[in-house]
Amino acid sequence: MSIFVNKETKLLVQGITGREGQFHTRQCIAYGTRVVAGVTPGKGGQEMDGVPVFNTVREAVVQTGANTSMIFVPPAFCADAIMEAVDGGVELIIAITEGVPVMDMLKVKNFMAGKACRLIGPNCPGIITPGECKIGIMPGSIHKPGGPVGVVSRSGTLTYEVVDQLTKLGIGQTTCIGIGGDPVNGTNFIDVLSAFEADPETRGIVMVGEIGGNAEEEAAAFINEHVTKPVVGFIAGLTAPPGRRMGHAGAIISGGSGTGQAKIEAMRENGITVCENLGLIGQVCKDTFGL
Numbered sequence: 000m001s002i003f004v005n006k007e008t009k010l011l012v013q014g015i016t017g018r019e020g021q022f023h024t025r026q027c028i029a030y031g032t033r034v035v036a037g038v039t040p041g042k043g044g045q046e047m048d049g050v051p052v053f054n055t056v057r058e059a060v061v062q063t064g065a066n067t068s069m070i071f072v073p074p075a076f077c078a079d080a081i082m083e084a085v086d087g088g089v090e091l092i093i094a095i096t097e098g099v100p101v102m103d104m105l106k107v108k109n110f111m112a113g114k115a116c117r118l119i120g121p122n123c124p125g126i127i128t129p130g131e132c133k134i135g136i137m138p139g140s141i142h143k144p145g146g147p148v149g150v151v152s153r154s155g156t157l158t159y160e161v162v163d164q165l166t167k168l169g170i171g172q173t174t175c176i177g178i179g180g181d182p183v184n185g186t187n188f189i190d191v192l193s194a195f196e197a198d199p200e201t202r203g204i205v206m207v208g209e210i211g212g213n214a215e216e217e218a219a220a221f222i223n224e225h226v227t228k229p230v231v232g233f234i235a236g237l238t239a240p241p242g243r244r245m246g247h248a249g250a251i252i253s254g255g256s257g258t259g260q261a262k263i264e265a266m267r268e269n270g271i272t273v274c275e276n277l278g279l280i281g282q283v284c285k286d287t288f289g290l
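In structure tokens, the structure reads:
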């Protein structure tokens, strides 16, 4: 099985006629993802590699039955694109755009409250169920279908590193999700951990966090109470010098909270196997999960 996306997912792309939108849409199609529509206001009626383009999300959903959206629009328009997708009846939205203003995302969070729609991102690499569906910018070729490991990460690049090591050891993945590192985003660690816990084919979980915020501490406490499957954790940014602002907007450390050491301690106290050497995380997973 998988979580959130599979071979039945019908994808529309907001911003399909832009350079990034075109490139990554083609990569998704080449991987086997069912891309059924594109949306660019003012360009309805055109096609991109045979994919019909519509002026609005609602029109695309009605005409094609699309249930998921991938967003490649400039940061200033991303919030509006997300809210249009929600209004248009899309069930799952993956916003790849980075640099979305925090105030815009606060409006999005308020707008989505109580609505039956999931947002992944923004500023994320996307989601992939190997062998079935790729939505985002991750390199599909390094993934191995069949599970039994689920991967969730705040860092796109480290997601690829973890997956590459797992695949080289012959370990497949059920679903891999980059949730992004922005301080205000959609799906969080706990959402994904809950889904992996409910997925019978996921036997082990890799959680990649980073310094800043308290999402990893909250996730660790949740794992202790609600997750029965083994979890391997890694925290990026341990060597960051004190006082240095890191790349992700979410990397804000206040007092002792948010430091790499505090996150590692929280993970260990809650039963997570912590890997401190990224170069060994594949082997640590193999040993911890008994694969």
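Numbering (numbering that gives the first Met the number 0), first residue to last: 0 to 290. Every residue gets a Cβ at the ideal spot worked out from N, C-alpha and C, and that includes glycine. On a predicted model such as this, the values are computed, not experimentally measured, just so you know.
Going by the DSSP bridge assignment, what does residue 51 pair with across the sheet?
Residue 51 is bridged to 46.
Is the region 105–112 in contact with the region 173–182, if contact means three or more CB pairs nearer than 8 Å?
Output reads no: the region 173–182 does not touch the region 105–112.
Whole-angstrom Cβ separation of residue 288 and residue 148, contact assumed at under 8 Å?
So it is a contact: roughly 7 Å between Cβ atoms.
Kindly list the residues whose CB is nearer than 6 Å to the CB of residue 2, restricted to its own chain and excluding five residues on each side of it in sequence; keep chain order.
The answer, listed in chain order, is 174, 194 and 198.
Could you give the residue range of the beta strand (DSSP E) that holds residue 9?
Per DSSP, residue 9 belongs to the beta strand (DSSP E) from 9–13.
Chain-order list of residues whose beta-carbon lies under 6 Å from that of residue 65 (same chain, five-residue window excluded):
The residues 9, 11, 35, 36 and 59, in chain order, have a CB closer than 6 Å to that of residue 65 in the same chain once the five nearest residues on each side in sequence are set aside.
Tell me which residue opens and which closes the beta strand (DSSP E) that residue 34 is part of.
First-last of the beta strand (DSSP E) with residue 34: 33–38.
Of all the options 41, 6, 285 and 42, which has the alpha carbon lying nearest to the alpha carbon of residue 28?
For residue 28, the nearest C-alpha among the options comes from 6.
Distance between residue 258 and residue 269 (C-alpha atoms, nearest Å):
Each residue's Cα considered, the two are about 17 Å apart.
Can you give me the C-alpha to C-alpha distance between residue 201 and residue 123, rounded to a whole angstrom?
Separation of residue 201 and residue 123 (C-alpha to C-alpha, rounded to the nearest whole angstrom) is 22 Å.
Within 8 Å, do at least three Cβ pairs link the region 42–52 to the region 14–32?
Counting Cβ pairs under 8 Å, three or more are found: they touch.
Considering just the uninterrupted stretch of the alpha helix (DSSP H) at residue 281, what are its terminal residues?
Element bounds for residue 281: 280–288.
Out of 61, 33, 126 and 131, point me to the one whose CA is closest to residue 0's CA.
Closest by alpha carbon: 131.
Close beta carbons around residue 80, own chain, < 6 Å, minus the five adjacent residues each side:
When the five nearest sequence neighbours on each side are left out, the beta carbons in the same chain lying within less than 6 Å of the beta carbon of residue 80 are those of 13, 70 and 72, in order along the chain.
In terms of residue numbering, what span does the alpha helix (DSSP H) encompassing residue 165 cover?
Note, residue 165: alpha helix (DSSP H), 155–167.
Is it true that the CB of residue 104 sits closer than 9 Å to the CB of residue 181?
In this structure, residue 181 places its C-beta atom within 9 Å of the C-beta atom of residue 104.
From residue 133 to residue 140, what does the alpha carbon distance come to, in whole angstroms?
Counting only the Cα atoms, residue 140 lies some 11 Å from residue 133.
Indicate the three-state DSSP secondary structure (helix, strand or coil) for residue 94 in the structure shown.
The three-state reading of DSSP puts residue 94 in strand, counting E and B together.
Can we count residue 168 as close to the ligand GDP, meaning its CB is less than 8 Å from some heavy atom?
This structure simply doesn't include the ligand GDP, nor any ligand for that matter.
Looking at the strands, I want to know which residues DSSP matches up with residue 172.
When beta bridges are read from the DSSP output, residue 172 appears opposite 148.
Other residues of its chain near residue 136: CB distance less than 7 Å, five sequence neighbours each side excluded:
Only 23, 95, 124 and 125 meet the Cβ criterion.
Through-space distance from residue 52 to residue 44, alpha-carbon basis:
Computed Cα separation, rounded: 6 Å.
Taking the Cβ atom as the reference point for each residue, do residue 228 and residue 204 lie within a distance shorter than 9 Å?
For residue 228 and residue 204, yes; Cβs fall inside 9 Å.
Use the C-beta contact count for residue 156: other C-beta atoms within 10 angstroms, 16 or more gives buried, fewer gives exposed.
By the C-beta density criterion, residue 156 is exposed, having fewer than 16 other C-beta atoms within 10 angstroms.
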